[in-house]
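Each residue of the sequence shown is one higher than the last, beginning at 43 in my numbering.
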Amino acid sequence: MAKAPVIKINNLSKKFMLGDIEVQALQSVSLEIYSGEFIVFFGVSGCGKSTLMSMIAGLQPPSTGSILIRGEDLAKLDSNELAQHRRTKIGMVFQAFNLIQTMNVVENISLPLAFARISKGRRIKRAENLLEIVGMSKYKNRAPNQLSGGQQQRIAIARSLVANPWIMLADEPTGNLDSKSADDVMRLLVSLNRKSKRTVILITHNPDYLQFADRVFWMQDGKVIKVEANAHAVTFNEKGKSSASKADSFSLDNESKDESKSEALEEPPAEKPETAPATPKETENKEEEAEVKN
Ligand SMILES: Nc1ncnc2c1ncn2[C@@H]1O[C@H](COP(=O)(O)OP(=O)(O)O)[C@@H](O)[C@H]1O
Ligand SMILES: [Mg+2]
43 MAKAPVIKIN NLSKKFMLGD IEVQALQSVS LEIYSGEFIV FFGVSGCGKS TLMSMIAGLQ
103 PPSTGSILIR GEDLAKLDSN ELAQHRRTKI GMVFQAFNLI QTMNVVENIS LPLAFARISK
163 GRRIKRAENL LEIVGMSKYK NRAPNQLSGG QQQRIAIARS LVANPWIMLA DEPTGNLDSK
223 SADDVMRLLV SLNRKSKRTV ILITHNPDYL QFADRVFWMQ DGKVIKVEAN AHAVTFNEKG
283 KSSASKADSF SLDNESKDES KSEALEEPPA EKPETAPATP KETENKEEEA EVKN
């Protein structure tokens with residue numbers, strides 16, 4: 043049986059009106075992305091990458107065409123269901139970190155869970171687990187402006203993972219970072235893909251990052267002009283080497299290899315789940331509700 047795509051885009055177009063001028067941001071884009079792939083959308087500024095990402099996230103509707111996420115047509119979802127889609131199935135990271143300055147790191151990461159009837163204690167525990175994953179435990183009480191750009195982006199990535207999403211969308215996540223911090227962020231994204239089995243979609247115009255992708259979608263003028271499969275997508279540790287395989291061991295954080303950390307990111311469902319992976323686990327949720335009521 044053929045594998046079902048996690049994202050299926052059919053003949054997608056998007057037009058914007060700028061006064062009287064029509065801008066065709068996307069034109070007849072059709073593609074499929076499979077669970078566990080590391081995908082790069084590559085192309086110059088203005089070619090439609092961010093528009094495509096925001097449509098996958100359900101932030102704006104197509105002019106024509108459709109987007110199916112695990113077989114579910116986003117056009118059929120009402121606004122509550124779309125919000126749920128964004129909250130639970132998609133983790134988003136941008137060039138700007140968008141952290142709330144008046145909240146500390148733990149509060150920023152756990153904030154999305156405040157809308158999900160999860161007790162404060164459990165929200166904080168979840169944020170602390172994610173801080174370990176992104177190698178930032180030491181900084182949990184800091185304010186965002188007490189961190190470097192790269193550290194802030196790692197916090198933003200932790201926040202995007204708080205609901206255990208299947209799909210990570212990262213739009214130029216290293217665009218504001220120095221090369222060392224950019225490497226840290228890329229290391230983390232590659233690890234989330236290789237180790238935690240997230241489907242990662244990276245938007246970039248940095249050719250250095252093409253080597254991490256299983257497939258590269260080349261974009262130009264609102265179209266996908268070429269799809270390039272990369273049989274030897276490298277892990278971060280092997281950056282620069284010619285042959286490497288995804289199966290090679292890879293460590294997210296050189297200092298800490300505590301296996302318990304991985305529990306914070308359950309594997310996403312393999313094929314067609316009924317619901318998004320719950321966070322916390324459903325059994326815990328019941329406890330949770332009791333906790334909230336008490
Ligand atoms: N909300 C909008 N209103 C008008 N034009 C837009 C809007 N969003 C994007 N565009 C235009 O659509 C095109 C694609 O933009 P974008 O998706 O941001 O490209 P990229 O992310 O590849 O730089 C550009 O010409 C841009 O100016
Ligand atoms: Mg963009």
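For glycine and all other residues, C-beta sits at the position ideal for the given N, C-alpha and C.
Selected residue, minimal CA-CA separation from residue i, among the options
| i | options | result |
| --- | --- | --- |
| residue 212 | 247, 116, 178 and 182 | 247 |
| residue 272 | 258, 154, 160 and 63 | 258 |
| residue 76 | 180, 104 and 241 | 241 |
| residue 210 | 56, 79 and 61 | 79 |
| residue 100 | 122, 250 and 175 | 122 |
| residue 270 | 73, 45, 61 and 111 | 73 |
| residue 105 | 224, 61, 56 and 113 | 56 |
| residue 112 | 138, 250 and 98 | 98 |
| residue 235 | 203, 60 and 260 | 203 |
| residue 206 | 238, 223, 181 and 60 | 238 |
| residue 167 | 201, 138 and 279 | 201 |
| residue 307 | 49, 159, 175 and 267 | 175 |
| residue 110 | 250, 84 and 48 | 48 |
| residue 268 | 224, 108, 275 and 85 | 85 |
| residue 279 | 232, 179 and 245 | 232 |
| residue 223 | 196, 252 and 54 | 196 |
| residue 107 | 54, 87 and 243 | 54 |
| residue 88 | 276, 265 and 277 | 265 |
| residue 402 | 179, 96 and 102 | The chain is shown from 43 up to 336; residue 402 falls before or after that span and cannot be answered. |
Range of the contiguous alpha helix (DSSP H) that encloses residue i
| i | result |
| --- | --- |
| residue 222 | 221-236 |
| residue 257 | Looking at the DSSP string, residue 257 is not in any alpha helix (DSSP H); the run it does join, the beta strand (DSSP E), is 257-262. |
| residue 75 | Careful: residue 75 lies outside any alpha helix (DSSP H), inside the beta strand (DSSP E) at 63-75. |
| residue 200 | 191-202 |
Inter-residue Cα distance where the pair is residue i and residue j
| i | j | result |
| --- | --- | --- |
| residue 52 | residue 177 | 39 Å |
| residue 263 | residue 67 | 7 Å |
| residue 58 | residue 69 | 12 Å |
| residue 82 | residue 254 | 8 Å |
| residue 218 | residue 136 | 10 Å |
| residue 164 | residue 157 | 13 Å |
| residue 216 | residue 194 | 11 Å |
| residue 191 | residue 214 | 14 Å |
| residue 305 | residue 208 | Note that residue 305 has pLDDT 49, beneath the 50 cutoff, so the model's placement of it is unreliable and the number below is only indicative. Distance between the alpha carbons of residue 305 and residue 208 is about 15 Å. |
| residue 119 | residue 132 | 15 Å |
| residue 5 | residue 189 | Lying outside 43 to 336, the shown extent of the chain, residue 5 is not represented and no answer is given. |
| residue 289 | residue 116 | Bear in mind that a pLDDT of 34 at residue 289, under 50, signals an unreliable position, so the model cannot answer this. |
| residue 198 | residue 151 | 7 Å |
| residue 50 | residue 261 | 17 Å |
| residue 61 | residue 159 | 43 Å |
| residue 244 | residue 161 | 33 Å |
| residue 46 | residue 114 | 12 Å |
| residue 302 | residue 220 | Residue placement at residue 302 is flagged as unreliable, the pLDDT there being 40, under the threshold of 50; the coordinate-derived value follows with that caveat. When rounded, the distance between both Cα atoms is 31 Å. |
| residue 64 | residue 148 | 44 Å |
| residue 181 | residue 249 | 32 Å |
| residue 256 | residue 275 | 6 Å |
| residue 179 | residue 139 | 18 Å |
Distance cut-off 7 Å: residue i Cβ against heavy atoms of ligand 3
| i | result |
| --- | --- |
| residue 90 | Among the ligands present in this structure, namely ligand 1 and ligand 2, ligand 3 is not found. |
Terminal residues of the beta strand (DSSP E) in which residue i lies
| i | result |
| --- | --- |
| residue 271 | 265-271 |
| residue 212 | 209-213 |
| residue 243 | 241-246 |
| residue 49 | 49-60 |
Original post:
Quick one: complete alpha helix (DSSP H) runs, 4+ long, within the region 144-189?
Top reply: As far as the region 144-189 is concerned, its whole alpha helix (DSSP H) runs of at least 4 residues are 147-152 and 162-175.
**OP:** Could you tell me whether the region 143-155 touches the region 179-189, where touching means 3 or more Cβ pairs closer than 8 Å?
**Re:** With a cut-off of 8 Å, the region 179-189 and the region 143-155 count as touching, because enough Cβ pairs lie within range.
Original post:
Contact between the region 225-238 and the region 156-173: three or more CB pairs below 8 Å?
Top reply: Between the region 225-238 and the region 156-173, the count of C-beta pairs closer than 8 Å stays below three; the two stretches do not touch.
Original post:
Which runs of the alpha helix (DSSP H) fall wholly inside the region 84-132 and span at least 4 residues, in chain order?
Top reply: Listed in chain order, the complete alpha helix (DSSP H) runs (minimum 4 residues) inside the region 84-132 are 91-98 and 121-130.
Original post:
Okay, do the region 84-97 and the region 119-129 touch, 3+ Cβ pairs below 8 Å being the bar?
Top reply: Flag = no, the region 84-97 and the region 119-129 do not touch.
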